[in-house]
Amino acid sequence: MEDFRVRRLQPGAGQTKIRNVPIAVTPEGFWCCPSPAVLQKTLKNQNHQTKHKGSSLPTSKAFSVEKSPNIASEKRTSSTPTRSRPVSDDQRCPTTDNPASSPTTASERPPPKPTAESQQHKISVGFGQPETSDLKVILYGKEGLAVKMTVHSNILAENSSYFSDRLSRQSPVSCVEILDCEDVEIYVETVGLMYCKEVKHRLIKQTVPRVLRILKVAESLGFRACVISCLDYLEAVPWVGEEEESVISSIRHLHSDNYGVSPLLKRVCSDITNPPNDTLSRIMELVLKSSEDKGRREMKSLVLKLLKENNIWINGSADICIETLYSSCRGCLDSLLALFRQASDDDFADTSLESKDIVMRQIALDADNLVWLVEILADRHIADDFAVIWASQNELAGLHSKIPIVSRHLVSCVSARLFVGIGRGEMLPSKDIRQLLLHVWLQPLIDDYSWLQHCCRSFDRKVAEEGIGRTILTLPLEDQQTILLSWLGSFLKVGDNCPNLQRAFEVWWRRTFIRPYTEKQGQTLQLDRS
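Numbers given in the numbering used here equal positions in the sequence shown, counted from 1, plus 669.
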């Protein structure tokens, strides 16, 4: 930024003081107003120096630029109404062609803002050739900041539908004032862009948030060429993080103005009206069939996170998505059962080591896929039907002990996830299904528990034990007793290599031995009182 010498005029003073005001000039030659923070800092410093000297505040402190650069202009068409708040020329600005020649009118008109700040601080900005300028535009921003722009009415009228309409209603017009200007800095820059041959080139080094600010002002001024250039910029650059929402919200309202924003919105919106169910099925298929461990593991984690964060089960797609998931579950179950049968066959021992490795690896892969699918179903609260399917897998559970634990242990993770889901209320299977799940799959889970604790990173022991215990406690008291006494025998033999269900055991104990006694005592007291 380049500093320019600016004359500060004080009425009644016999001398002229020179101040430096931070106004920059662009490579194309038009003035660019700095940010409001820089302006306010400069103005506060000037105000502080005035107070420190003990001098009284003058009624007006206008800053005028001593020189203006010369640039060429380009004619453009314009077409949109404005949202600015203009002030009548009769109320605010001199009506003569040369405002400076009527000092009485200028001094008698009331200030646009009654505050002292608005009467103190003005910045002058010049565009084009100063000797041919015929219009002044005064912007009144926040905290009393006022910027006076010396411009050319033909340039503004040719590029802005707002200024074209404003200037055509009353002729000649020498001054236009805009009150409550929200973004003085960008307003000045946008007016300067009307003097540029290639607006798009001026936006190349800008940031997305700044271009959105320019777009807002350009749209309010009906500066069509600038709006189109901003849209071209936004269509070409990437949007990072929260910028995407800002861009979309800023351009959606431009639909009715026929600015051609459809290519821009195609980045985030598809022309397909139906949900992309085929795409989801394809993604699931690719992930499930992947044989590369690292890539499959990372994509499973990513897809699961995205499914949890975004509810895609809407607009009639829920049934299709559920069907896709359950179809994948059945495919994994059928493959797993066939592999269990093959691995437990007597002839399997005679096969080559390479063939055994392929089978065992596929067992682990299918079980891992099943764990992932059950996690999705449980998280979406649609796993009730799978609980019924899993409880009926008696043959699979019977073959479980014949498979090496290194390959089969993930099957027990499926059972553990179902118990956790029941304990959390994520699924509501019937009493018979809950009882059957524990009867069929609790013992295989106990058999694999030591391996799960020490060799399965995704297994959470405390969560699994709480889920198993809560599932047991949902059954009738007699069934609780049967299951917990069986567990007690295993726990006393292997200790930590068995699920720790002591909390569930305590609840069952109180229900069995303490509650009947306390209820009997309560009944006795009621009889005595009656």
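We treat Cβ as the ideally placed atom computed from N, Cα and C, and that holds for glycine.
For residue 844, the enclosing beta strand (DSSP E) starts and ends at 844 to 848.
Secondary structure at residue 805: strand, using DSSP grouped into helix, strand and coil.
The straight-line gap separating the alpha-carbon atoms of residue 954 and residue 1034 is approximately 14 Å. For residue 906, there is no enclosing alpha helix (DSSP H), as DSSP marks it with neither H nor E. Collapsing the DSSP output to three states places residue 937 in coil. Per DSSP, the continuous alpha helix (DSSP H) segment holding residue 1029 begins and ends at 1022 to 1048. With contacts defined by Cβ atoms closer than 8 Å, residue 1059 and residue 1106 form a contacting pair. By the 16-neighbour rule on beta-carbons within 10 angstroms, residue 819 is buried. The three-state secondary structure of residue 810, taken from DSSP, is coil.
Going by DSSP, residue 974 is part of the alpha helix (DSSP H) stretching over 962 to 978. Per DSSP, residue 1131 is one residue of the alpha helix (DSSP H) stretching across 1130 to 1142. The continuous beta strand (DSSP E) containing residue 819 extends over residues 815 to 820. DSSP places residue 1092 within a helical segment (H, G or I) once states are collapsed to three. Runs of the alpha helix (DSSP H) lying entirely within the region 1134 to 1189 and spanning at least 4 residues, in chain order: 1146 to 1163, 1171 to 1178. DSSP, read as helix, strand or coil, puts residue 792 in strand.
Across the set 1068, 1062, 834, the C-alpha of 1068 shows the shortest separation from the C-alpha of residue 1015. Between residue 1135 and residue 1092, the CB-CB gap stays under 8 Å.
The three-state secondary structure of residue 852, taken from DSSP, is coil. Only residues of its own chain outside the window of five on either side were considered, and among them 862, 868, 887 have a CB closer than 6 Å to the CB of residue 895, listed in chain order. In its chain, beyond the 5 residues on either side, 1166 have a beta carbon closer than 6 Å to the beta carbon of residue 1119. The straight-line gap separating the alpha-carbon atoms of residue 923 and residue 884 is approximately 10 Å. Judged by DSSP in its simplified three-state form, residue 873 adopts coil rather than helix or strand. In its chain, beyond the 5 residues on either side, 1098, 1102 have a beta carbon closer than 8 Å to the beta carbon of residue 1057. Boundaries of the alpha helix (DSSP H) around residue 913: 912 to 920. Within the model, the alpha-carbon separation for residue 1152 versus residue 1185 is close to 21 Å. Residue state for residue 829 is assigned as coil, using DSSP reduced to three classes.
Within 10 angstroms of the beta-carbon of residue 1183 lie fewer than 16 other beta-carbons, which makes it exposed. Residue 1064: member of the alpha helix (DSSP H) spanning 1063 to 1069, first to last residue. An exposed status is given to residue 837, since fewer than 16 other beta-carbon atoms sit within 10 Å of its beta-carbon. Here residue 1089 is near residue 1132, since their CB atoms are less than 8 Å apart. For a cut-off of 8 Å, the C-beta gap from residue 902 to residue 916 is around 11 Å, too long to register as a contact. Shown here, residue 1072 sits in coil according to DSSP, grouped into three states, outside any helix or strand. Around residue 1176, the same chain offers 1142 as residues with beta carbons nearer than 7 Å, after the five sequence neighbours per side are excluded. Residue burial annotation: residue 1038 is buried, with at least 16 other C-beta atoms found within 10 angstroms of its C-beta. Taking the Cβ atoms as the reference, residue 969 lies roughly 6 Å from residue 956, within the contact range of under 8 Å. In this structure, residue 1055 places its C-beta atom within 8 Å of the C-beta atom of residue 998.
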